[in-house]
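Step one of this worksheet: look at the structure below.
Numbering (my numbering), first residue to last: 492 to 589.
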């Protein structure tokens, strides 16, 4: 339905501009054509700018895989020297502290 409305609006706009060009004198027709072209370029530029801004926004679930929490088990500490973290059977040398 939205596509039909957009096509109808474009068709009526083109028909209106064509009718206006037929009724104008040649110098006025050039001025009107220039104004219509500038308006169309501005409208299309604003539309693509809006689409670009909307595409950059985060949507629900956009980052869910990277930031999901595991609920089936207890979360382990991430650093190897954190108390409670399971260590390997043969740990490497102890870290030197200054």
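Built from N, CA and C at the ideal position, the CB exists for glycine as well.
Nothing here was measured: the structure is a model prediction, and the numbers come from that model.
By DSSP, does residue i sit in helix, in strand, or in coil?
i: residue 574; result: coil
Look at the alpha carbon of residue i and the alpha carbon of residue j, and state the distance between them as a whole number of angstroms.
i: residue 501; j: residue 534; result: 12 Å
i: residue 493; j: residue 541; result: 17 Å
i: residue 511; j: residue 499; result: 18 Å
i: residue 476; j: residue 522; result: There is simply no residue 476 to check, as the chain begins at 492 and stops at 589 in what is shown.
i: residue 513; j: residue 531; result: 19 Å
i: residue 503; j: residue 517; result: 22 Å
i: residue 506; j: residue 496; result: 15 Å
i: residue 574; j: residue 544; result: 46 Å
i: residue 508; j: residue 538; result: 21 Å
Any chance the CB of residue i is under 8 Å from a heavy atom of the ligand SAH?
i: residue 497; result: In the structure shown, the ligand SAH is absent, as is every other ligand, since no ligand is present at all.
**Message:** What ranges does the beta strand (DSSP E) occupy inside the segment 500 to 525, keeping only unbroken runs of at least 3 residues that lie completely in it?
**Reply:** none
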